[in-house]
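Novice: Pasting a structure here, questions to come.
In my numbering, the protein residues as written are 5 to 252.
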């Protein structure tokens, strides 16, 4: 159970709507309830849905940060689905794409065909588990724990590939939000929470990528001190090491 909880650090720190947050909390509750009562097959189904939510949030970040690349990836979709995905206001819109096919969006962050195929295999396993076929694929805690280890390896691999996208998102945020007089929230912490984290569905893992960024590329910005202040705020507020350094 403790290992399974690691997935939470890859999921958003906040959501755009209460309904989205309620959905993720429902899935966690379903997983934990079934896990603790030995209903491992159903626990796996809930965990798979959490994992697919993670995939959707990553694809959403690609859509927001690299809209040109995302639009080009629409080749092969019918015009109605293409419009629906391009106009989407929620990451959960991606449920409209077959789960195996939706993994192909991850090629936009450098996941090759081999990796995409291995991720799609997890979907096939979910399908086999969900069908009324007379089989209990996860009858023991050990079997489910082994699968969770595999899932977390895949999640971390996808997260690693998404790092450049997160870095570009963060760099753009720093460039656009460094002046308290012309941004949405005068307070830096509020701007980070609402515009960067809330606006982009950033997870704790995403924030750690931001906090580790080298901001020297912004040194020529006329308000580099404002950029430094935002960067220090995110390190102090959202990372243990940054908070320790900030207080020392």
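Each residue gets a CB set at the ideal place from its N, CA and C atoms; glycine is no exception.
CA-CA distance, residue 61 and residue 229?
Specialist: So the two alpha carbons sit approximately 32 angstroms from each other.
Novice: Please identify the residue among 65, 117, 11 and 196 whose C-alpha is closest to the C-alpha of residue 96.
Specialist: Checking every option, the nearest Cα to that of residue 96 belongs to 65.
Novice: Identify every run of the alpha helix (DSSP H) within the region 134-193, keeping only runs that are complete inside it and at least 4 residues long; order them along the chain.
Specialist: Qualifying alpha helix (DSSP H) stretches, in chain order: 145-181.
Novice: Pull up the DSSP beta-bridge partners for residue 16, would you.
Specialist: 207.
Novice: Return helix, strand or coil for residue 120, following the three-state DSSP convention.
Specialist: Residue 120: helix per DSSP, three-state reduction.
Novice: What are the boundary residues of the alpha helix (DSSP H) that residue 64 is part of?
Specialist: Residues 44-69.
Novice: Leaving out the 5 sequence neighbours to the left and right, which residues in its chain are closer than 6 angstroms to residue 38 when beta-carbon positions are compared?
Specialist: Taken in chain order, the residues that qualify are 46 and 47.
Novice: Output yes or no for whether 8 angstroms exceeds the beta carbon distance between residue 126 and residue 155.
Specialist: Yes, these two residues count as a Cβ contact at 8 angstroms.
Novice: So, using beta-carbon positions, are residue 241 and residue 212 closer together than 8 angstroms?
Specialist: No, Cβ-Cβ distance for residue 241 and residue 212 is not below 8 angstroms.
Novice: If you compare alpha carbons, which of 44, 27 and 103 is closest to residue 151?
Specialist: Nearest of 44, 27 and 103 to residue 151, Cα basis: 44.
Novice: Quick check: the region 108-115 against the region 159-177, are there 3 or more CB pairs under 8 angstroms?
Specialist: Yes, since at least three Cβ pairs between the region 108-115 and the region 159-177 fall closer than 8 angstroms, the two stretches touch.
Novice: Against chain B, does residue 203 count as a neighbour if the rule is that its beta carbon must be under 8 angstroms from one of theirs?
Specialist: In the structure shown, chain B cannot be found, because there is only a single protein chain.
Novice: Should residue 233 be labelled buried (16 or more other beta-carbon atoms within 10 Å of its own) or exposed?
Specialist: Exposed, because fewer than 16 other Cβ atoms sit within 10 Å of the Cβ of residue 233.
Novice: Between the Cα of residue 93 and the Cα atoms of 83, 149 and 20, which residue gives the shortest distance?
Specialist: The residue with the shortest Cα to Cα distance from residue 93 is 20.
Novice: How would you call residue 6, buried or exposed, if buried means at least 16 neighbouring beta carbons within 10 angstroms?
Specialist: By the neighbour-count rule (16 or more Cβ atoms within 10 Å), residue 6 is not buried but exposed.
Novice: Roughly how many whole angstroms lie between the Cα atoms of residue 119 and residue 79?
Specialist: Cα to Cα, residue 119 sits roughly 21 angstroms from residue 79.
Novice: Taking Cβ positions, are residue 16 and residue 206 nearer each other than 8 angstroms?
Specialist: Taking 8 angstroms as the Cβ cut-off, residue 16 and residue 206 qualify as a contacting pair.
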